[in-house]
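**Student:**
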Amino acid sequence: MKFIRILTLIMLIASFSFAITGAELAKELNLSPSSKAMIQWENVFKNKRKMKRLGINKLSDADKEILKQYLIEHAADSPEPIAAGM
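So the sequence shown is numbered by numbering that gives the first Met the number 0: it starts at 0 and just counts up by one.
(1) Which stretch, first to last residue, makes up the alpha helix (DSSP H) that contains Lys-51?
(2) Quick check: the Cα distance between Met-0 and Leu-28, rounded to an integer number of angstroms?
(3) Report the rounded CA-to-CA distance for Pro-78 versus Ser-33, giving the unit in angstroms.
(4) What is the DSSP secondary structure of Ala-74, counted as helix, strand or coil?
(5) According to DSSP, simplified to helix, strand and coil, what is Ile-65?
(6) When the Cα atoms are used, what is the spatial distance from Asp-76 to Lys-35?
(7) Per DSSP, what kind of secondary structure is Glu-27 in: helix, strand or coil?
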């Protein structure tokens, strides 16, 4: 029983260690959050054709949600926009 607890703890720590961030996903896809307004990013994630054009369709659902949140939180018209190159 103790072995299972230790193994579970190790797996949990490892999963957090290797979790990818929205910034990393955006960088992999060459997406800049400030290139669109918040509503435009929301529309991208509602349209399968737009997601395919940007390569977002290849991501898992969890990664899509992480990326969407990052892009919207740092969009051009957001309270915390991220300028290209920063």
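Where is the CB? At the ideal position from N, CA and C, for every residue including glycine.
**Tutor:** Once the coordinates are examined:
(1) For Lys-51, the enclosing alpha helix (DSSP H) covers residues 47–53.
(2) Near 43 Å, if we compare the C-alpha coordinates of Leu-28 and Met-0.
(3) Pro-78 and Ser-33 have their C-alpha atoms some 11 Å from each other.
(4) For Ala-74, the three-state secondary structure derived from DSSP is coil.
(5) Here Ile-65 sits in helix by DSSP.
(6) Distance between Asp-76 and Lys-35, taken at the CA atoms: about 8 Å.
(7) Taken through DSSP and simplified to helix, strand or coil, Glu-27 comes out as helix.
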